[in-house]
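For the sequence shown, position 135 matches number 135 in the UniProt record's numbering, and the numbering has no gaps at all.
We treat Cβ as the ideally placed atom computed from N, Cα and C, and that holds for glycine.
The structure displayed is predicted, hence computed values, not measured ones.
Following: one structure in structure tokens, then a few remarks.
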Amino acid sequence: MPPHEYSYPDPGDRVTRSFIERHEPFPGYWAASEGRALELLGERLTAPRARTRALDAGCGDGRLLPWLARYAAHVTAADPDPDRLAHARATSLPADTEIAFRTASMAEVQGGPYDLVLCSHIVQHMPTGAIEPALRHLHEITAPDALLVMSYSRAPVGGGGYVLEWRENGEIRYESVDRHRFDEALTTGARTGVLPVRLLDPEEFGKEVAATGWSPVWEWTYHVLDDFGVLDSYADRDDLVNGHPALRHHLGRDIFTLWRRDGRRA
Numbered sequence: 001m002p003p004h005e006y007s008y009p010d011p012g013d014r015v016t017r018s019f020i021e022r023h024e025p026f027p028g029y030w031a032a033s034e035g036r037a038l039e040l041l042g043e044r045l046t047a048p049r050a051r052t053r054a055l056d057a058g059c060g061d062g063r064l065l066p067w068l069a070r071y072a073a074h075v076t077a078a079d080p081d082p083d084r085l086a087h088a089r090a091t092s093l094p095a096d097t098e099i100a101f102r103t104a105s106m107a108e109v110q111g112g113p114y115d116l117v118l119c120s121h122i123v124q125h126m127p128t129g130a131i132e133p134a135l136r137h138l139h140e141i142t143a144p145d146a147l148l149v150m151s152y153s154r155a156p157v158g159g160g161g162y163v164l165e166w167r168e169n170g171e172i173r174y175e176s177v178d179r180h181r182f183d184e185a186l187t188t189g190a191r192t193g194v195l196p197v198r199l200l201d202p203e204e205f206g207k208e209v210a211a212t213g214w215s216p217v218w219e220w221t222y223h224v225l226d227d228f229g230v231l232d233s234y235a236d237r238d239d240l241v242n243g244h245p246a247l248r249h250h251l252g253r254d255i256f257t258l259w260r261r262d263g264r265r266a
């Protein structure tokens, strides 16, 4: 689908907001959990800001551009949806940030070589056959030792699946579908207001990413939506999950992963 024809299926993020309203374990957790993950991630981005060229591949409305601009003085923001990109253009950034906007998908954006690439909740909304070539493309347009940040909706290790999400009468609705129906919902059968979401097994998906020329550096599971009962009074649920491999294997809705570009050709 040419970039100018693409429209994100959840305009205004209404489906996503409904999901948060229904599943957030306590008020303020959703934003705080992501904020903590971004803080921990930022501690691992140590390259000089002035010399760092970054790409936000799938920037949407620009929500994470201010965070990215903390670590890169030269930023390219790309998204295939021109309406969302128009909102991104209005994002306030530090005055010394050099910013360029491109109407392009993760697999089509050019420029670089980039030192840092951010793909926030993109791969879970891509047709399954499009992810590998997109990751190889990012490998081609990045500098040696470049870093790739990906966040996505995860499944328990050994799991995985596909769902369609939409709003109906003010409530969030779900339908589990197979891979074919998921891919169809993103292409020929796309419908505004119906958001296809792939829940990725982080171990299996990690193998796919590694096969395209990226080496794992760090990961952090966040948005832990399970009922922790009184435990929330005594421990931080995100710290608890990430500190125990058995819990990390099974719990958490989202995950940040950090990768370093291999020197070998992908």
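(1) Determine the extent of the alpha helix (DSSP H) in which PRO202 is found, giving its start and end residues.
(2) At a cut of 8 Å, does the region 39 to 59 reach the region 8 to 26 through at least three beta carbon pairs?
(3) Would you kindly work out how many angstroms separate the C-alpha atoms of PHE19 and ILE172, rounded to a whole number?
(4) What do you get for PRO202, buried or exposed, if any count of 16 or more other CB atoms within 10 angstroms of its CB means buried?
(5) DSSP beta-bridge partners for PHE26?
(6) Among GLU21, GLU5, THR91, PRO94, which one has its Cα closest to the Cα of HIS223?
(7) I'd like to check one pair, ASP232 with LEU251: are the Cβ atoms closer than 7 Å?
(8) Under a three-way DSSP split, which group does PRO82 fall into?
(9) So, helix, strand or coil for HIS223, using DSSP?
(10) To the nearest angstrom, report how far apart PHE256 and LEU118 are at their CA atoms.
(11) Assign PRO216 to one of three DSSP states: helix, strand, or coil.
(12) Label SER176 either buried or exposed according to how many other C-beta atoms from any shown protein chain fall within 10 Å of its C-beta, with 16 as the threshold for buried.
(13) My output table needs one value for ILE131: the three-state DSSP class, helix, strand or coil.
(14) For residue 267 and THR192, what's the separation of their Cα atoms in angstroms?
(15) Could you name the residues that DSSP lists as bridge partners for THR76?
(16) Taking 7 Å as the cut-off, decide whether the C-beta atoms of GLU165 and VAL197 are in contact.
(17) Among all the DSSP beta bridges, which residues are the ones paired with SER153?
(18) Mind checking which residues open and close the alpha helix (DSSP H) that includes LEU68?
(19) From this set, ARG136, ALA95, ALA246, which residue's C-alpha is nearest MET106's C-alpha?
(20) From the DSSP output, which residues share a beta bridge with SER120?
(21) Which partner residues does LEU199 have in the DSSP bridge list?
(22) Quick one, which of LEU186, HIS121, THR103, THR212 has its alpha-carbon nearest PRO133's?
(23) Return yes when the Cβ of GLY111 is within less than 7 Å of the Cβ of THR76, no when it is not.
From the atom records:
(1) Counting from 1 along the sequence shown, the entry for residue 202 is found at position 202. Unbroken alpha helix (DSSP H) run through PRO202: 202 to 210.
(2) no
(3) Stepping through the sequence shown from its first residue, residue 19 is reached at position 19. Stepping through the sequence shown from its first residue, residue 172 is reached at position 172. Their backbone Cα atoms lie some 6 Å apart in a straight line.
(4) Reading the sequence shown from its first residue, position 202 is the one you call residue 202. Classification for PRO202: buried.
(5) Working through the sequence shown from its first residue, we reach residue 26 at position 26. According to DSSP, PHE26 bridges with nothing at all.
(6) The residue labelled residue 223 in the question sits at position 223 within the sequence shown. Checking every option, the nearest Cα to that of HIS223 belongs to GLU21.
(7) On the sequence shown, position 251 is the one that residue 251 refers to. On the sequence shown, position 232 is the one that residue 232 refers to. Not closer than 7 Å, so no.
(8) As a position in the sequence shown, residue 82 is number 82, starting the count at 1. PRO82 falls in the helix class under three-state DSSP.
(9) What you label residue 223 is simply residue 223 of the sequence shown in a count that begins at 1. Three-state result, HIS223: coil.
(10) For the purposes of this step, residue 256 is identified with residue 256 of the sequence shown, where counting begins at 1. For the purposes of this step, residue 118 is identified with residue 118 of the sequence shown, where counting begins at 1. Those two C-alpha atoms are separated by around 10 Å.
(11) Locating residue 216 in the sequence shown gives position 216, where the first residue counts as 1. PRO216 falls in the strand class under three-state DSSP.
(12) Mapped onto the sequence shown, residue 176 falls at position 176. Classification for SER176: exposed.
(13) Translated into the one-based positions of the sequence shown, residue 131 becomes position 131. ILE131: helix per DSSP, three-state reduction.
(14) Any question about residue 267 goes unanswered here, given that the chain covers just 1 to 266.
(15) The count along the sequence shown starts at 1 and reaches residue 76 at position 76. DSSP, once it has assigned bridges, lists LEU55, ALA100 as partnering THR76.
(16) Locating residue 165 in the sequence shown gives position 165, counting from the first residue. Locating residue 197 in the sequence shown gives position 197, counting from the first residue. For GLU165 and VAL197, yes; Cβs fall inside 7 Å.
(17) For this step, residue 153 is matched to residue 153 along the sequence shown. The partner list for SER153 (beta bridge, DSSP) reads ASP254.
(18) In the sequence shown, counting from the first residue as 1, residue 68 sits at position 68. From DSSP, the alpha helix (DSSP H) with LEU68 extends over 65 to 69.
(19) Reading the sequence shown from its first residue, position 106 is the one you call residue 106. Checking every option, the nearest Cα to that of MET106 belongs to ARG136.
(20) As a working note, residue 120 is residue 120 in the sequence shown. Its beta-bridge partners are SER151.
(21) Here residue 199 refers to the residue found at position 199 of the sequence shown. According to DSSP, which records beta bridges pairwise, LEU199 is partnered with GLY161.
(22) Against the sequence shown, residue 133 aligns to sequence position 133. Nearest option by C-alpha distance: THR212.
(23) Position 76 of the sequence shown, counting from 1, holds the residue named residue 76. Position 111 of the sequence shown, counting from 1, holds the residue named residue 111. Yes.
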